[in-house]
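In the UniProt record's numbering, the protein residues as written are 1 to 242.
Listed below in structure tokens is the structure:
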């Protein structure tokens, strides 16, 4: 099977995460990737930071669908008011740069299941349109299913400010189910490389990208880089019947 290149974007949430309890499904509110490389300005212009208005703290990542809509994970924003959040676009750092945009409406998937973390997708409508530039651009969504195997790059902030990325690999549904059993379904994508490389304490809601098209959203896993697969909502299935 041909190798496919993927990207996942994430920005470090500088806070601790709760201990994982069996069955060890932990929404990736604090994802981080071990061993990243710095992203260049304008390299990933569709990445945004979703921040809590009361603290200005980063909570989740998201991707720009168009000038009015942001795609993220439902577990980041479900059952909250739009005034709880704002987004920052156009920067690679948490400490400076970018432009703030207020959120007018939150729409979570009608069948989102918080207990099993299924249909983990939501869209945010902005109060005002984004102004596109070299560092603010929309991401195209993949309309078809892609191969299960390939090389993956996952982006994160390895230090508490700069966006970074790391190569990982996708695995088949069957291989993922050998670790997670029926908790993982066909509408999800799994990544796994060697122990010590993977998602850990950083950012959910961020995009998994293949060939410049988004195919998934960071959803859940068992941090940190402990040899079990990380799981993403498959955009090519879930979003198009949203």
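Every residue gets a Cβ at the ideal spot worked out from N, C-alpha and C, and that includes glycine.
Quiz item: For the beta strand (DSSP E) that contains residue 58, what are its first and last residues?
Solution: 57–64
Exercise. Output yes or no for whether 8 Å exceeds the beta carbon distance between residue 251 and residue 124.
Key: Here the chain comprises residues numbered 1 to 242, so residue 251 is not present and cannot be evaluated.
Quiz item: Where do the ends of the beta strand (DSSP E) carrying residue 188 lie?
Solution: 188–191
Quiz item: Is residue 47 buried or exposed, if buried means 16 or more other CB atoms sit within 10 Å of its CB?
Solution: buried
Exercise. Compare the beta carbon distance of residue 74 and residue 121 with 8 Å and say whether it is the shorter of the two.
Key: yes
Quiz prompt | Exposed unless 16 or more other CB atoms sit within 10 angstroms - verdict on residue 110 | solution = exposed
Quiz prompt | Option in 181, 94, 176, 55 with minimal Cα separation from residue 192 | solution = 176
Practice problem: Just the C-alpha distance for residue 76 and residue 204, rounded to the nearest angstrom, thanks. | Solution: 7 Å
Self-check item: Beta-carbon proximity check, residue 105 vs residue 82, cutoff 8 Å
Solution: yes
Quiz item: Regarding residue 136 and the ligand HEM, is the C-beta to nearest heavy atom distance less than 7 Å?
Solution: This structure lacks the ligand HEM, and indeed carries no ligand of any kind.
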